[in-house]
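Chains as they are written, first to last, in the numbering used here: chain G, 13 to 123; chain Z, 1360 to 1476. Quick reminder that beta carbons are idealized off the backbone N, C-alpha and C, glycines included. Only a predicted model underlies this, so the values are computations on that prediction, with no experimental measurement involved. Below you'll find the structure, written out as structure tokens, and then a few comments.
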């Protein structure tokens, strides 16, 4: 059973629209993250949260806003979508320590 | 900032031959964890190996790697490639912060390993 659930698996959005990517983890981890993988680029760190508080933000654009309504949730709201936002977005979590566990990703295509 | 270099974008091998995927890194921090993640299509990237100990070999599922701080390298090896090893392999670095806080992972670009019969 997947322990980090990302919804939806695939998403097609129109330029200028707004979407929310959902992430729930059932590993009991206190730290959660978002990573992005664009075409032909490495996995890129976006945000980290610990105990529902933003710890690190490496995303330049304010159009990307993480939202943590519950301890095991970290959704990603993206506004004013652009074609360059097309990527696979991975949610991840970790216990206090080293190993990071990833979800299967949401593949976003902006047309 | 931190960086990880995986020079090979694609490695194609015949089944049974040895595997070596290169990884070098740069960080100003003396303490860092190095990782290898494997990513199969339509699956989650998952941890394959990790190490923070200089010159100590770490092994898992037939793969092994040794962190060499003197050369800033953490190459992934396997003695005999299998068809099922075909996947994308990422090398990643994470600083070890004091207090054990959760620093970000910095990934290399990934190496696609294609094993053919």
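When 7 angstroms is used as the limit between beta carbons, residue 1402 (chain Z) is near these residues of chain G: 116, in chain order. Under DSSP, residue 1406 (chain Z) shares a beta bridge with Z:1396.
Approximately 21 angstroms separates the beta-carbon atoms of residue 49 (chain G) and residue 92 (chain G); this is outside 8 angstroms, ruling out the contact.
For residue 1376 (chain Z), same chain residues with a beta-carbon under 8 angstroms away, outside a window of 5 residues either side, are 1439, 1440 in chain order. Residue 62 (chain G) sits away from residue 84 (chain G), with the two beta carbons spaced by 8 angstroms or more.
Taking a C-beta distance under 8 angstroms as the contact criterion, residue 37 (chain G) and residue 21 (chain G) do not qualify as a contact pair. The beta carbon of residue 1448 (chain Z) does not come within 8 angstroms of any beta carbon belonging to chain G, so the residue lies off that interface. For residue 52 (chain G), the closest of Z:1416, Z:1388, Z:1470 by C-alpha to C-alpha distance is Z:1470. For residue 111 (chain G), no beta strand (DSSP E) run applies, since DSSP gives it neither H nor E. Residue 1468 (chain Z) has a beta carbon lying within less than 8 angstroms of a beta carbon in chain G. Among the bridge pairs identified by DSSP, residue 24 (chain G) is matched with G:121.
For the pair residue 120 (chain G) and residue 23 (chain G), the CB atoms are nearer than the 8 angstroms cut-off. Within the segment 55 to 79 of chain G, the residues whose Cβ lies closer than 8 angstroms to some Cβ of chain Z are 55, 56, 57, 60, 62, 67, 68, 70, listed in chain order.
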